[in-house]
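Remarks on the structure that follows.
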Amino acid sequence: SISYIPCAINSNDWTPLNRNLAREKLKLPKNKLILLFMSTNGTKDKRKGFSFIKSYLNKNPINKKNVILLIVGKERNKIIENFNTININQSFNGNPDILKLFYSASDILLAPSLLEAFGQVAIEAASCGVPTLGFKNTGLEDTIQHKKTGYLCEYLDQNDFNKGLQWMIKKINNDRNYFMSSCINFAKSNFSSEIIAQKYKDIYESILIK
823 SISYIPCAIN
833 SNDWTPLNRN
843 LAREKLKLPK
853 NKLILLFMST
863 NGTKDKRKGF
873 SFIKSYLNKN
883 PINKKNVILL
893 IVGKERNKII
903 ENFNTININQ
913 SFNGNPDILK
923 LFYSASDILL
933 APSLLEAFGQ
943 VAIEAASCGV
953 PTLGFKNTGL
963 EDTIQHKKTG
973 YLCEYLDQND
983 FNKGLQWMIK
993 KINNDRNYFM
1003 SSCINFAKSN
1013 FSSEIIAQKY
1023 KDIYESILIK
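Under the working numbering, read the sequence shown as residues 823 to 1032, first letter to last.
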């Protein structure tokens, strides 16, 4: 008998902040669409799949004046020429007070990891009302509801990545809060500490009964 229980998040700590206030604190423009990429080692960690983001931004039609790529992690270099990129050279420590500022200020989390055990960032982002773009056949498959809390691309498929990001941008341009309630409800009803604790309790009780 095999049971699967995901990681938990504290739903009291992980709550959305007002988008404009979060952008104010981070000194980000309020009238731009912000794509967020987070990686402790920045774009240097090839497992995080930044090449898919770079390929999309270099080769696909996008209104570059209205879009910002926000990179949080150990990153010092200009990554994409002629594109509005903001690098916040800061390693993260799991502190919700700091991280939810970045999530709440953003419109889409880009997480095209080639390898990912769980996809904690997608749940943290969802708790803040922000959708995630990621690949199937990784841990993100457990933390994204396709076309509800984000978009799950075919594994390592650049074309589907492009298609998914274009779809998400279109939805958000039509309705800034299109994903918000679905993301928050998904995170609370599947990954809150109370839900996860109950799943462990159920397993222990089922074993004791036997």
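Here a beta-carbon is modelled for each residue, glycine too, at the ideal position from N, C-alpha and C.
All values reported here derive from a predicted model rather than from experimental measurement.
If I measure Cβ to Cβ from residue i and keep anything under 8 Å in the same chain, skipping five residues before and after, which residues do I get?
i	result
ASP982	CYS975, GLU976
GLN980	PHE874, SER877, TYR878
LYS868	LEU936
ASN1012	PRO828
LYS958	LEU974, CYS975, GLU976, TYR977
Using 10 angstroms around the beta-carbon of residue i, count the other beta-carbons present and answer buried if the total reaches 16, otherwise exposed.
i	result
ILE824	exposed
ARG845	buried
SER873	exposed
TYR1026	exposed
TYR973	buried
TYR1022	exposed
ALA1019	exposed
ASP997	exposed
GLY916	exposed
ILE1029	exposed
LYS929	In the sequence under discussion, the amino acid at residue 929 is Asp, which differs from the Lys named in the question. By the 10 Å Cβ count, ASP929 comes out buried.
ILE890	buried
ILE1031	exposed
Quick check on this structure: which residue in the options has the alpha carbon closest to the alpha carbon of residue i?
i	options	result
LEU931	LYS922, SER1028, LEU937	LYS922
CYS829	TYR1026, GLU1016, LEU1030, ASN888	GLU1016
ILE920	ASP835, TYR973, TYR878, ALA933	ASP835
GLN988	ASN832, LEU855, ASN842	LEU855
ALA948	TYR826, LYS958, ASN959, ALA927	ALA927
ILE827	PHE1008, ASP964, VAL943, LYS1032	ASP964
TYR925	THR907, GLY956, ASN911, ILE893	ILE893
ASN911	GLY986, GLY864, GLN1020, ASN880	GLY864
LYS887	PHE905, ILE966, ASN996	PHE905
PHE1008	ILE1029, LYS881, HIS968	HIS968
MET990	ILE884, ILE908, LYS1032	ILE884
LYS849	ASN909, ASN984, PRO953	ASN909
THR971	ASN984, LYS847, LYS992, TYR1000	TYR1000
Between residue i and the rest of its own chain, which residues show a CB-CB distance below 6 Å, the 5 nearest in sequence each way excluded?
i	result
GLY951	PRO838, MET1002, CYS1005, ILE1006
MET1010	According to the sequence shown, residue 1010 is Lys rather than Met. Cβ neighbours of LYS1010 beyond the five flanking positions: SER833.
LYS852	ASN842, ARG845
ASP966	Correcting the residue identity first, residue 966 is Ile in this sequence and not Asp. So the qualifying residues of the chain are ALA944, THR954, GLY956, GLY972, LEU974.
Look up residue i in the DSSP assignment and say whether it is helix, strand or coil.
i	result
PHE983	helix
SER833	coil
PHE940	coil
SER1014	strand
THR960	coil
PHE1001	coil
ILE920	helix
ILE994	helix
PHE859	strand
GLY951	coil
ASN842	helix
TYR977	coil
GLY871	coil
ASN888	helix
THR865	helix
What whole-angstrom Cβ distance do residue i and residue j have, given they're in contact under 8 Å?
i	j	result
GLY895	SER913	7 Å
SER935	LYS876	That belief does not hold up - the Cβ atoms of SER935 and LYS876 are roughly 15 Å apart, past 8 Å.
ALA939	THR954	Actually they do not touch by this definition, with Cβ atoms about 15 Å apart.
Enumerate in chain order the residues of its own chain whose CB-to-CB distance from residue i is below 7 Å, with the five nearest sequence positions on each side excluded.
i	result
GLU764	The displayed coordinates of the chain run from 823 to 1032. Any statement about residue 764 would go beyond what the structure contains.
LYS847	LEU923
GLY961	GLU938, ALA939, PHE940, GLY941
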